[in-house]
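Below: one structure, written as structure tokens.
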Amino acid sequence: MNIVLEPGAAALLDELHRAGFGAYAVGGCVRDSLLGLAPHDWDLCTAARPGQVMELFGEDRCIPTGLQHGTVTVKRDGKLYEITTFRTEGRYSDGRHPDSVAFVPDLREDLARRDFTINAMAYSAEEGLCDPFGGREDLARGVVRAVGEPLRRFGEDALRILRLYRFAARFGFAIDEATEAAAKQLASHLDCVSAERIEEELNKLLAAPQPGAYLEPEVLAFVLPELPPEELTKARRRIDALPAGAEQVSARWAALMLPLGETGARKALKRLKCSNARIDGAAALVRECGEKTPDALDKCDLCLQAKRLLGRYDLHTVQQLTALWTALAPEEKASFDALRAEAEALTAQGACCRISQLAVNGRDLMAAGAAPGPGLRRVLEALLEEVITGRLPNEKTELLAFAAGFSAS
């Protein structure tokens, strides 16, 4: 075991221990540490009640973020740490949130309410690892398993169904058989979960290295009913062929939504309350893949094709588009790689690909005698075409001279 507490978290735990309270790092930070990963956040749990936590650390350092659930956020050295009192939970009438919580003195009771064994471990320097449900062994086996009775865990909070597949995809783990059976059985309960939370979990799942196998048809039927089930096998392959990471999620959404077309993709993503940027990004990729077959690129001049793409989209979108084309037609990978490289080189050179990059603008044209109005736009478009095709340099004198002749004609 190799858990090195983050200095701020260690200092807070020390203060709690000196005050006579049991206290531990808990959940994801323990899991990630055991996996040799750097935790993003350090969450702490303690036998101290919320009022005692605030009294110990002082109100100027504490934010009462969730007192009714036992959580106080403590500021230390510019960082925020959530400290939550050991608790048990009552019924979940809405299938998402406990009706009540009860503070308890026993850490194990607190761990028993958590979702999966790999998230139900706690650690302190004084006592070492507390792992009553075999989370460390499940990490070693590469398995995600519910704490206790799976049907109860998912019946309490249906969001855990999506979290199951998200964690499994993130780490490339298998899913415990009984746990997955319960998740599929209760998948219809996902109607209790807000669209925003569903979208958040799906974004995280799609950011995983190889999420295709974790896009479970019986679950997607309830969270993405627009997608025809028979299309899922092909969508899984497309998604896994794309680069991973949060910055690539729009491309993976597009790979999933291709059968719906641009209009259908927009409607589905809007229903899931995706951001406008996400909707526009994914929809643009779906549109491009629908309007152009990848092999059509081979018939175009590479530099010109790259310039035309950069005239419509930023470089990141072009990179995503070439990756998606590669996923659709892997035999053309070399061509798409070359197109992407050309776009990257043009961007680095500051090449003119848009009207806004021309060495003249509308004011320049009017100063040279052009009449204001819609005709200005047509002149600028003609100038851009001359520049991107290489017939004119992007120089003010040359552009104004061409514009004068264009307007006269």
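Numbering of the sequence shown is given in this note's numbering, commencing with residue 1 and proceeding in unit increments.
Each residue gets a CB set at the ideal place from its N, CA and C atoms; glycine is no exception.
For a test of the three-state rule: what should DSSP assign to G148, helix, strand or coil? coil
Cutting at 7 angstroms between CB atoms, please list the residues of its own chain near L339, excluding the five before and the five after it. L297, L302, Q305, A306, T322
Please classify M121 as buried or exposed, where buried requires at least 16 neighbouring CB atoms within 10 angstroms. buried
Any idea what DSSP makes of V286, helix, strand or coil? helix
Can you tell me which of G51, A207, R312 puts its alpha carbon nearest to the alpha carbon of G66? G51
Using 10 angstroms around the beta-carbon of Q320, count the other beta-carbons present and answer buried if the total reaches 16, otherwise exposed. buried
Expected contact under 8 angstroms - CB spacing of L162 and E201 to nearest Å: With 8 angstroms as the limit, L162 and E201 qualify as a contact, their Cβ atoms being about 4 angstroms apart.
Run of the alpha helix (DSSP H) containing K75, from where it starts to where it stops: Premise fails: K75 lies in the beta strand (DSSP E), 71-76, not in any alpha helix (DSSP H).
Is DSSP giving S188 helix, strand or coil here? helix
Out of S188, D176, V144, which has the shortest C-alpha to C-alpha gap to G155? S188
For my contact list, A207 and A244 are in at a C-beta cut-off of 8 angstroms; report their separation, rounded to the angstrom. 7 angstroms
P259 in three-state terms, based on DSSP: Note: P259 maps to helix in three-state DSSP.
Judging by CA-CA distance, which residue of A371, L399, M257 is the nearest neighbour of A382? Looking at the Cα atoms, L399 is the closest of the given residues.
Pick from K79, R49, L392: whose alpha carbon is nearest that of T71? The residue with the shortest Cα to Cα distance from T71 is R49.
Please identify the residue among R166, W253, L35 whose C-alpha is closest to the C-alpha of E216. R166
Using the C-alpha atoms, what's the distance from E137 back to G36? Cα to Cα, the separation comes out at about 15 angstroms.
Decide if the stretch 38-49 is in contact with the stretch 140-150; the criterion is three or more beta carbon pairs, one per stretch, under 8 angstroms apart. no
CA nearest to the CA of Q210, picked from R287, K184, R238, C130: R238
Within this structure, are the beta carbons of D176 and F222 separated by less than 8 angstroms? no
Pairs of beta-carbons, one from the stretch 116-131 and one from the stretch 89-105, closer than 8 angstroms: are there three or more? no
Considering only residues of the same chain and omitting the five flanking positions on each side of D110, which have a CB-CB separation below 7 angstroms? C45, F86, R87, V104
Identify the residues that DSSP records as bridge partners of L44: which are they? A25, I83
In terms of residue numbering, what span does the beta strand (DSSP E) encompassing C303 cover? Segment 302-312 is the alpha helix (DSSP H) holding C303; no beta strand (DSSP E) there.
Ends of the beta strand (DSSP E) at A122? 122-124
Does D157 pass the burial test, meaning 16 or more other C-beta atoms within 10 Å, or should it be called exposed? buried
In this structure, how does DSSP classify T65 when only helix, strand and coil are distinguished? strand
Quick check: the stretch 364-384 against the stretch 329-348, are at least 3 beta-carbon pairs closer than 8 angstroms? no
N- and C-terminal bounds of the beta strand (DSSP E) containing F103: 101-103
What number of angstroms, rounded off, separates the C-alpha of D314 from the C-alpha of L159? If I take the Cα positions, the gap works out to 35 angstroms.
Helix, strand or coil at E59 [DSSP, three-state]: helix
Does the stretch 249-263 come within contact of the stretch 277-288, defined as at least 3 CB pairs closer than 8 angstroms? yes
Any heavy atom of the ligand NAP within a distance shorter than 7 angstroms of the CB on R136? No copy of the ligand NAP appears in this structure; indeed no ligand is present at all.
Locate the beta strand (DSSP E) running through L129, then write down its first and last residues. 128-130
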